[in-house]
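Written out below as structure tokens is the structure these notes cover.
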Amino acid sequence: VTLYVLGTIGFTAGVVFYDSLIVDVTEPKYFDFVSGFGYAFGYLGGGLLFAINVFMTLQPEMFGLADKAAAVRVSFLTVALWWGVFCIPLFLFVKERKPQNVPALSGAIVQGWKQFIETFAEIRRLRPIFLFLLAYWFYIDGVNTVIKMAVDYGLSLGFETSSLITALLLVQFIGFPAAIAFGWLGEKWGTKRGIYLAIGVYTAVTVWAYYLENVTEFFIMAIAIGLVQGGIQSLSRSYYARMIPADKSAEFFGFYGMIGKFATIIGPLLMGWVGVLTGSPRIAIMSIAVLFVIGFVLLMKVNDDARVTS
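Each residue of the sequence shown is one higher than the one before, counting from 1 in the working numbering.
As structure tokens, this is what we get:
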């Protein structure tokens with residue numbers, strides 16, 4: 001449990017800084033494209049490693065391993081190696097603006113909390129950013145709930161574990177070209193429209209899940225999710241990056257990342273509550289559509305031209 005907590009803290013903190021670097025590596029007009037490519041290769045890399053580890057767990061003897069338990073242990077090592085190797089280009093070649101007046105570690109902790117409070121107050125004052133983060137909280141909670149609960153829902157309908165793993169792999173590998181396509185779509189059609197499209201697809205999928213009958217339909221749903229999952233994540237990041245002051249990207253993306261991590265609470269609670277009241281997992285999964293509708297409505301209230309320069 002301790003290792004899991006430490007790993008989660010490290011990953012979450014790393015993603016905050018990684019996301020904030022988008023303002024340093026490209027111009028605002030290319031945010032959609034670059035963000036889309038980032039998520040695309042994330043899905044490709046994650047899918048490849050996941051596929052290798054699944055195969056290694058199913059056939060441990062082919063990798064010279066004693067059993068499945070040994071394969072699971074080795075899987076953790078491969079993830080550590082994967083992260084370590086693919087972080088090297090970032091550390092060596094990506095240039096960021098140099099921070100000024102860097103405090104000592106003890107001072108950094110105190111200053112960090114002070115900056116957190118100041119940034120929160122600033123976000124509350126900046127209505128477009130506040131509204132976007134509120135909208136993002138709702139619709140990304142729906143996205144995260146679908147990601148986390150899809151397997152459980154499939155199991156509740158009697159689908160085999162192998163079929164569910166296949167569906168997860170479909171999402172990963174379809175997410176690669178789809179995220180790139182959404183980056184292009186954001187530039188040509190509009191970032192906000194692209195997010196609307198993704199929210200619409202997710203809403204349709206959660207409603208369709210109520211009527212799901214067989215594993216073939218589950219695969220089709222996985223394909224639909226794969227087409228928009230990377231898109232909604234990448235366009236949300238690029239849309240937010242355009243709104244915030246570039247010189248405070250780390251602080252503002254800290255809130256963005258925090259909301260993304262907290263956005264795994266409402267959906268499962270809503271599903272659990274509806275499931276208990278109705279006794280139906282189908283109605284429970286369909287209730288997630290409410291989160292997408294609320295997020296859609298709040299996003300409509302965000303001013304597209306809002307940009308804070310300092």
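For glycine and all other residues, C-beta sits at the position ideal for the given N, C-alpha and C. Predicted, not measured: the structure shown is a model, and the values here were computed from it.
7 Å Cβ shell around residue i - same chain, five flanking residues per side excluded
i	result
Phe138	Leu291, Ile294, Gly295, Leu298
Phe32	Note that residue 32 corresponds to Asp in the displayed sequence, not to Phe. Gly183, Gly186, Glu187, Thr191, Leu235, Ser238.
Ile225	Val146, Val171, Val205
Met286	Thr206, Val207, Ala209, Tyr210
Ile180	Gly36, Phe37, Ala40
Val274	Ile283, Ala284, Ser287
Gly260	Ile140
N- and C-terminal bounds of the alpha helix (DSSP H) containing residue i
i	result
Glu311	Outside the shown range of the chain, which is 1 to 310, sits residue 311, and nothing can be said about it.
Ala261	Sequence inspection shows Lys at residue 261; the Ala mentioned does not correspond to that position. Residues 249-262.
Leu185	161-189
Gly84	68-93
Val278	Residue identity check: residue 278 is Thr in the sequence provided, not Val. Looking at the DSSP string, the run of the alpha helix (DSSP H) that includes Thr278 is 266-278.
Thr145	127-156
Asp32	31-58
Pro281	281-286
Exposure label - residue i; buried when at least 16 CB within 10 Å
i	result
Val85	exposed
Asp304	exposed
Val1	exposed
Arg125	exposed
Pro281	buried
Gly272	exposed
Ala121	exposed
Val276	exposed
Ala135	buried
Gly200	exposed
Ile88	exposed
Arg127	exposed
Arg242	buried
Glu251	buried
Phe132	buried
Asn214	exposed
Ala80	exposed
Simplified DSSP assignment, three categories, for residue i
i	result
Glu118	helix
Val23	helix
Val1	coil
Leu298	helix
Arg97	coil
Leu65	coil
Ile123	helix
Pro28	helix
Ile244	coil
Spatial neighbours of residue i in its chain, beta-carbon cut-off 8 Å, leaving aside the 5 residues before and after
i	result
Thr161	Leu155
Pro60	Ala66, Asp67, Lys68, Ala70, Ala71
Tyr196	Phe296, Leu299
Val94	Leu21, Asp24, Val25
Sequence-distant residues of the same chain with beta carbon closer than 6 Å to residue i, five excluded per side
i	result
Met56	Phe63, Ala71
Gly254	Val16
Ser163	Val215
Does the count of Cβ pairs from the stretch 256-266 and the stretch 30-48 closer than 8 Å reach three? By the Cβ rule, the stretch 256-266 does not count as touching the stretch 30-48, because fewer than three pairs are nearer than 8 Å.
Are the stretch 208-228 and the stretch 5-20 in contact at 8 Å, needing three or more beta carbon pairs? Too few Cβ pairs lie closer than 8 Å, so no.
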